[in-house]
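Undergrad: Each position in the sequence shown, counted from 1, maps to that position plus 7 in our numbering. Even glycine gets a Cβ: it sits at the ideal position worked out from N, Cα and C.
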Amino acid sequence: MATPAQWLAGARPRTLPAAVAPVLVGTGAAVALDGFRLGPALLALVVALALQVGVNYANDHSDGKRGTDTDRVGPMRLVGSGAASARQVLVAALLAFAVAGVAGLALAALSSWWLVVVGAVCIAAAWTYTGGPLPYGYRALGEVFVFAFFGPVAVVGTTYVQTRTLPGLAFAVSVPVGLLIVAILVANNLRDIEGDARVGKRTLAVLLGDRGTRLLYAALLAVPFAVVVGVGVTRPWALLALAAAPLALGPARTVLAGARGPALIAVLASTGLLTLATGVLLAAGLALS
Numbered sequence: 008m009a010t011p012a013q014w015l016a017g018a019r020p021r022t023l024p025a026a027v028a029p030v031l032v033g034t035g036a037a038v039a040l041d042g043f044r045l046g047p048a049l050l051a052l053v054v055a056l057a058l059q060v061g062v063n064y065a066n067d068h069s070d071g072k073r074g075t076d077t078d079r080v081g082p083m084r085l086v087g088s089g090a091a092s093a094r095q096v097l098v099a100a101l102l103a104f105a106v107a108g109v110a111g112l113a114l115a116a117l118s119s120w121w122l123v124v125v126g127a128v129c130i131a132a133a134w135t136y137t138g139g140p141l142p143y144g145y146r147a148l149g150e151v152f153v154f155a156f157f158g159p160v161a162v163v164g165t166t167y168v169q170t171r172t173l174p175g176l177a178f179a180v181s182v183p184v185g186l187l188i189v190a191i192l193v194a195n196n197l198r199d200i201e202g203d204a205r206v207g208k209r210t211l212a213v214l215l216g217d218r219g220t221r222l223l224y225a226a227l228l229a230v231p232f233a234v235v236v237g238v239g240v241t242r243p244w245a246l247l248a249l250a251a252a253p254l255a256l257g258p259a260r261t262v263l264a265g266a267r268g269p270a271l272i273a274v275l276a277s278t279g280l281l282t283l284a285t286g287v288l289l290a291a292g293l294a295l296s
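1. Could you give the first and the last residue of the continuous alpha helix (DSSP H) run that contains residue 232?
2. How would you label residue 121, buried or exposed, when you count the other beta carbons within 10 angstroms and need 16 or more for buried?
3. Straight-line CA distance for residue 230 to residue 294?
4. Give the secondary structure of residue 198 by DSSP, where H, G and I count as helix, E and B as strand, and everything else as coil.
5. Is the beta carbon of residue 32 less than 8 Å from the beta carbon of residue 153?
6. To the nearest angstrom, report how far apart residue 97 and residue 247 are at their CA atoms.
7. Are there 16 or more other CB atoms within 10 angstroms of the CB of residue 139, so buried, or fewer, so exposed?
8. Could you tell me if residue 256 is buried or exposed, where buried requires 16 or more neighbouring beta carbons within 10 angstroms of its beta carbon?
9. Just curious, the alpha helix (DSSP H) that residue 296 is in, first and last residue?
10. Looking at residue 72 and the ligand MN, is the gap between the Cβ and the nearest heavy atom below 7 Å?
11. Residues in its own chain within less than 8 Å of residue 56 by CB, not counting five upstream and five downstream?
12. Is the beta carbon of residue 251 sitting closer than 8 Å to the one on residue 275?
13. Starting from the Cα of residue 72, find the closest Cα among 107, 94, 174, 145 and give me that residue.
14. Would you tell me roughly how many angstroms separate the C-alpha atoms of residue 13 and residue 82, rounded to the nearest one?
15. Using alpha carbons as the reference points, say which of 286, 171, 262 lies closest to residue 221.
16. Roughly how many angstroms separate the alpha carbons of residue 49 and residue 205, rounded to a whole number?
17. Determine the closest residue to residue 19 out of 288, 272, 235, with distance taken between C-alpha atoms.
18. Report yes or no: do three or more beta-carbon pairs, one from the region 125–135 and one from the region 104–114, lie closer than 8 Å?
19. Taking residue 179 as the reference, which of 215, 160, 170, 190 has the closest Cα?
20. State yes or no: is the C-beta of residue 242 within less than 8 Å of the C-beta of residue 39?
21. Report the three-state DSSP secondary structure of residue 146 (helix, strand or coil).
22. Taking residue 201 as the reference, give the member of 130, 267, 173, 68 with the closest Cα.
23. Which residues in the same chain as residue 53 place their Cβ atom closer than 8 Å to its Cβ, once the five residues preceding and following it in sequence are excluded?
24. Check residue 177 in the structure and name its three-state DSSP category.
25. Compare the beta carbon distance of residue 162 and residue 258 with 8 Å and say whether it is the shorter of the two.
26. Can you grab the Cα-Cα spacing for the pair residue 193 / residue 118, in whole Å?
27. The alpha helix (DSSP H) with residue 167 in it runs from where to where?
28. Are residue 217 and residue 210 touching if we call contact CB-CB under 8 Å?
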């Protein structure tokens with residue numbers, strides 16, 4: 008039986024900024040549009056965090072059963088390390104998805120019932136990232152889905168449940184958030200590129216190769232701040248998010264210098280911190296606007 012510390016590690020807390028940042032920015036957009044509602048905002052945060060934990064456990068379960076995590080450099084995996092059985096981790100994933108589902112139903116009741124369909128699609132996407140007969144994470148589509156669900160779906164959805172509108176501002180600010188969260192995935196897949204290639208896991212990193220993936224990572228750290236500048240033309244306070252840009256320099260240098268293996272674990276943490284800082288500052292700037 009895995010210890011509580013191992014279950015916590017298996018939930019991969021360093022990835023949680025990917026759940027928090029979109030909700031913060033979507034809420035900032037709602038404040039900017041005079042539509043902030045605390046209850047829906049908090050429920051959106053619960054849904055996002057529960058989905059993130061659920062997808063982490065689901066990936067642990069699916070990759071562990073496939074043998075993908077047998078020789079792993081990054082944070083421990085419960086099934087791959089033998090700390091927990093595949094069935095136990097599956098139950099943990101289902102419990103997290105259940106929490107997301109209950110919070111999502113409450114959110115739909117407060118805003119619109121068509122959100123139930125969106126929530127169901129989100130859970131299905133979380134499971135089929137590495138689970139099911141055709142996992143899209145094994146077919147170089149992970150980055151596309153991560154951008155879509157952590158960018159427009161999460162940010163615009165958070166704004167919608169508070170304002171009941173789908174404003175262009177929310178779509179615009181979803182882009183930098185989505186790209187930074189894709190950078191977290193790219194850093195993760197860069198670290199695992201050799202092991203994934205050996206077991207036939209065709210991530211985008213495997214297809215692009217080492218150099219191409221490093222250049223993609225650097226671009227994913229730069230483009231979001233260019234988008235922030237564009238948003239700042241009409242919402243000058245949004246430029247507050249540029250204060251987070253220096254946090255991108257360290258991980259970008261590390262990746263472009265050719266860091267491998269354990270050195271990329273620190274890059275993953277730094278990218279998560281960059282994402283959270285950008286989300287906090289962008290949300291604050293939007294609120295001030």
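TA: With the structure as the only source:
1. 211–239
2. exposed
3. 22 Å
4. helix
5. no
6. 41 Å
7. exposed
8. exposed
9. Here residue 296 belongs to no alpha helix (DSSP H), and DSSP marks it neither H nor E.
10. The ligand MN is not part of the structure shown, which contains no ligands of any sort.
11. 23, 26, 27
12. no
13. 94
14. 10 Å
15. 262
16. 42 Å
17. 272
18. yes
19. 160
20. yes
21. strand
22. 267
23. 106, 107, 110
24. helix
25. no
26. 34 Å
27. 161–170
28. no
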